[in-house]
Amino acid sequence: MQGGKIDTGVNAVKNKAAAALGDMAEVIKTGGVVAPVFLPRLATYLAQWYLSLAFFVIVTNDANWKVFDSMFQRTRNQEIFEEYVKHVRNLGETLFELISEAVGLRRDRLKEAKCEEGMLVSCHYYPPCPDNSDARPKLGSVQHCDPSFLTLLLQDQIGGLQVFHEGNWVDVTPLHGALVVNVGDFLRLMTNDQLKSVVHRVLVDRVSPRLSVACLYTATTSTTRFGPLKEFVSESNASRYREITGKEYFVHLLSKVKDNTRGLAEFEI
49 MQGGKIDTGV NAVKNKAAAA LGDMAEVIKT GGVVAPVFLP RLATYLAQWY
99 LSLAFFVIVT NDANWKVFDS MFQRTRNQEI FEEYVKHVRN LGETLFELIS
149 EAVGLRRDRL KEAKCEEGML VSCHYYPPCP DNSDARPKLG SVQHCDPSFL
199 TLLLQDQIGG LQVFHEGNWV DVTPLHGALV VNVGDFLRLM TNDQLKSVVH
249 RVLVDRVSPR LSVACLYTAT TSTTRFGPLK EFVSESNASR YREITGKEYF
299 VHLLSKVKDN TRGLAEFEI
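Numbering follows my numbering, with no gaps: position 126 of the sequence shown is 174.
Quick look at the structure:
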């Protein structure tokens, strides 16, 4: 794969992302991060995931699906998408309850803290990359931590997902019928580092394309200020982060497109 072709593809992704996100802004009624002033930076960020083609849908409690109808000229698969999102939201509610209990909170504490209100659905298609002109891994997505409370990932059997563990990249072998659950930066923030967000990346295959659907419980469109919950702060365990909104986090994230492994560093106290 020649550099010129990659550059052309990146520019195409940037243009498509900016156009699509302009339409998506109609769906968001809370004045969140997806506003015209942020589109160039957001398009640049998406372009860093340079060997994947991504499609994003922001799901809120008051999302207007009719807008998506006009954007994507309703297909027979949209009903499947809506049904899948409904089941993922139900699963997410259960996971937040279990996590709340696991870290010593009331069962409904994370729900009360609005951790499950917003969802971003990220659908990725990673084309095969047969180029073996050098030994460097071909990245479908750069190393990063998820900008979410939780991420529920559905992936095919091709593989390519890796997590950074004890100084090494470790393959996450796909397990048929299973979802991968990642802790994101916002849950790390809320638990004051008791739960840690996971640095990960995706490698593309030389022969086969890879498909994945990630549902991120995120604060993209929220005006709520999030910070360490009082249950995790004491005289012996001071707050490690200041309170932030989703908008503040994503503005910072988009300014650090080449390294999103420490998205919370800007907000440490």
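Note that CB positions come from ideal geometry on N, CA and C, so glycine has one too.
Measure the alpha-carbon distance for residue i versus residue j and round it to whole angstroms.
i	j	result
cysteine 193	glycine 225	24 Å
leucine 277	serine 260	32 Å
glycine 294	proline 178	38 Å
lysine 186	serine 196	25 Å
arginine 273	glutamate 314	16 Å
glutamine 210	serine 256	17 Å
glutamate 130	serine 282	43 Å
leucine 235	serine 245	8 Å
arginine 157	arginine 254	45 Å
phenylalanine 212	valine 228	15 Å
valine 299	serine 270	13 Å
leucine 146	glutamate 214	27 Å
valine 133	threonine 266	14 Å
aspartate 204	asparagine 216	23 Å
lysine 159	glutamate 127	27 Å
leucine 153	alanine 161	11 Å
Based on the DSSP secondary-structure assignment, which residues constitute the bridge partners of residue i?
i	result
asparagine 138	Answer by DSSP bridge pairing: none, since asparagine 138 is not bridged.
tyrosine 289	Glu316
arginine 249	Gln210
phenylalanine 274	Ile292
asparagine 230	Thr199
valine 220	Its beta-bridge partners do not exist; DSSP assigns none.
leucine 187	Leu251
leucine 264	Leu168, Thr199
To the nearest whole angstrom, what separates the beta carbons of residue i and residue j, a pair I think is in contact under 8 Å?
i	j	result
arginine 258	isoleucine 206	4 Å
tyrosine 289	isoleucine 317	6 Å
serine 284	glycine 275	That pair is no contact at about 18 Å.
Tell me whether the beta-carbon of residue i lies closer than 8 Å to the beta-carbon of residue j.
i	j	result
valine 250	proline 176	no
glycine 166	threonine 268	yes
leucine 243	valine 151	yes
phenylalanine 280	asparagine 240	yes
arginine 137	serine 148	no
glycine 232	leucine 200	no
leucine 143	leucine 198	yes
serine 189	alanine 262	no
glycine 311	leucine 302	no
glutamine 191	histidine 248	yes
tyrosine 174	glycine 208	yes
- Message: Using 8 Å as the cut-off, can you tell me whether the segment 212–224 makes contact with the segment 149–169, which would need three or more C-beta pairs spanning the two stretches below that distance?
- Response: no
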